[in-house]
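All residue numbers in the sequence shown are consecutive under the UniProt record's numbering, ending with 395.
Some notes on the structure that comes next.
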Amino acid sequence: MASSLLQPSSSLFTQSSHSSTLRTLSPSILHSRITTRIFAPYSVKCDLVEPSNIMNRKPIIPVLNETTTLPKFMEKTVNKNGNRLKLFSGTANSALSQEIAWYMGLELGKISIKRFADGETYVQLQESVRGCNVYLIQPTCPPANENLMELMIMVDACRRASAKNITVVIPYFGYARADRKTQGRESIAAKLVANIITKAGADRVLACDLHSGQSMGYFDIPVDHVHCQPVILDYLASKNISSNDLVVVSPDVGGVARARAFAKKLSDAPLAIIDKRRHGHNVAEVMNLIGDVKGKVAVMVDDMIDTAGTIAKGAALLHEEGAREVYACCTHAVFSPPAIERLSSGLFQEVIITNTIPVAEENYFPQLTILTVANLLGETIWRIQDDSSVSSIFQ
Numbered sequence: 001m002a003s004s005l006l007q008p009s010s011s012l013f014t015q016s017s018h019s020s021t022l023r024t025l026s027p028s029i030l031h032s033r034i035t036t037r038i039f040a041p042y043s044v045k046c047d048l049v050e051p052s053n054i055m056n057r058k059p060i061i062p063v064l065n066e067t068t069t070l071p072k073f074m075e076k077t078v079n080k081n082g083n084r085l086k087l088f089s090g091t092a093n094s095a096l097s098q099e100i101a102w103y104m105g106l107e108l109g110k111i112s113i114k115r116f117a118d119g120e121t122y123v124q125l126q127e128s129v130r131g132c133n134v135y136l137i138q139p140t141c142p143p144a145n146e147n148l149m150e151l152m153i154m155v156d157a158c159r160r161a162s163a164k165n166i167t168v169v170i171p172y173f174g175y176a177r178a179d180r181k182t183q184g185r186e187s188i189a190a191k192l193v194a195n196i197i198t199k200a201g202a203d204r205v206l207a208c209d210l211h212s213g214q215s216m217g218y219f220d221i222p223v224d225h226v227h228c229q230p231v232i233l234d235y236l237a238s239k240n241i242s243s244n245d246l247v248v249v250s251p252d253v254g255g256v257a258r259a260r261a262f263a264k265k266l267s268d269a270p271l272a273i274i275d276k277r278r279h280g281h282n283v284a285e286v287m288n289l290i291g292d293v294k295g296k297v298a299v300m301v302d303d304m305i306d307t308a309g310t311i312a313k314g315a316a317l318l319h320e321e322g323a324r325e326v327y328a329c330c331t332h333a334v335f336s337p338p339a340i341e342r343l344s345s346g347l348f349q350e351v352i353i354t355n356t357i358p359v360a361e362e363n364y365f366p367q368l369t370i371l372t373v374a375n376l377l378g379e380t381i382w383r384i385q386d387d388s389s390v391s392s393i394f395q
């Protein structure tokens, strides 16, 4: 028992007998005597989606049901909410928005969003938000410009309809990688987008796993930064991997701090670093490995996977260096072509992502596992609404 880092502790982690079935999971919060086990907070528990609950390849997640017990402060908030808290969803990830609403025991607000023939966006709120605290859920994932503009028009509609406070919930913050100048005469687009969101009328931002921490400083309004690591850590803790066999790998030098924090929560697992030289945007060349992975289970950790060039070349290097298995973990699955081909090529034992960005059904592949962040976001929204601590969720 002492040598085991990741032990399956519940039948909740049942997997399909068909390897081609997409496994969509949410974090379990279970009590255990294993001190090395990592858990998400108790208050954000929701159920596993068993394969039998997948209809038309779309998961049905029973987050709240008649047997669910809410935390006391949440019961108080629900009772006093009335119609003061309103959730609205954009079109970028309506499935995640619905899951958040299910977790919170609320219904999504009625909103009409249309595209005109010339590409312009039309938004109309179909219920009153006067004096309400409004939460607009919309990742600015691809198509980034279209989804960002839609969010701005939603904010403007709420402001003009006399909403008391407007919080934009951005599970994936597009343009986050453009957070500094790497060459002369470049734009810092992340700062520009922050300015646009603020000027549109947003009062607060809730975002998941920003590419860099300094992006929070680009906003002149409060930012609640939700870390999705507990979701991935809790899932990894369900796998029967010995602590002696595990090594956490940063796919590049820039991700070392993220990987080190991840490794520390996995019983201070050893860390390896892949050194690469980039010759252009979305093009990466792996150079060498710093650390030992021979005979180990390598867990590669990053905030996002775009074209998967970096992580795929890194996985190939890890196999060359003798890694027994390679796992890829990230929060944001951008999955620009040819990411799916690279990730499903057999380099990875499993690719673990979250649903901050929707993955098209045609892009599902056998190694893919999707974890839901709906409970983390729903819990964070309740705490903002109730003026409770958000950071305590992750302690």
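Glycine included, every Cβ here is placed at the ideal spot set by N, Cα and C.
Values in this document were obtained by computation on a predicted structure and should not be read as measured data.
Practice prompt. Output the residue ranges of the alpha helix (DSSP H) runs that lie fully inside the region 123-208 and measure 4 residues or longer, sorted by chain position.
Written response: 144-160 and 189-200
Discussion item. Mapping the DSSP letters down to three states, classify D245 as helix, strand or coil.
Written reply: Three-state DSSP puts D245 in coil, outside helix and strand.
Worksheet item: For R260, which of helix, strand or coil comes out of DSSP?
Response: helix
Worksheet item: How would you write the range of the alpha helix (DSSP H) that A312 sits in, first residue to last?
Response: Where A312 is concerned, the enclosing alpha helix (DSSP H) stretches over G309 to E320.
Worksheet item: At which residue ranges does the region 311-383 contain complete beta strand (DSSP E) runs of 3 or more residues, listed in the order of the chain?
Response: 325-333, 350-354 and 368-371
Discussion item. Quick check: the Cα distance between E379 and I137, rounded to an integer number of angstroms?
Written reply: 14 Å
Worksheet entry | Beta-carbon proximity list for K110, same chain, < 8 Å, skipping 5 on both sides | L125, Q126 and E127
Fill in: Nearest-angstrom Cα separation, counted from E321 out to T140
38 Å
Fill in: In DSSP terms, what E89 is bridged to
Here the sequence assigns Ser to residue 89, which means Glu is not the residue at that position. Its beta-bridge partners are I137.
Worksheet item: G105 to R383, Cα distance in whole Å?
Response: 14 Å
Discussion item. Rounded to the nearest angstrom, what separates T121 and R115 at their Cα positions?
Written reply: 5 Å
Worksheet item: If we count Cβ pairs, one from each stretch, closer than 8 Å, do we get three or more for the region 320-340 versus the region 285-305?
Response: In the pairwise beta carbon analysis, the region 320-340 is classified as touching the region 285-305: at least three pairs are separated by under 8 Å.
Fill in: Same chain only: Cβ atoms within 8 Å of M152, ignoring 5 sequence neighbours per side
I196, I197 and A200
Item to complete: Go ahead and label D306 buried or exposed: buried means 16 or more other beta carbons lie within 10 angstroms of its beta carbon, across all protein chains shown.
Response: buried
Discussion item. DSSP three-state label for P114, please.
Written reply: Residue identity differs from the one stated: residue 114 is Lys in this sequence, not Pro. If DSSP states are grouped into helix, strand and coil, K114 belongs with the strands.
Worksheet item: Could you give the distance in angstroms between the alpha-carbon of A163 and the alpha-carbon of A101?
Response: 19 Å
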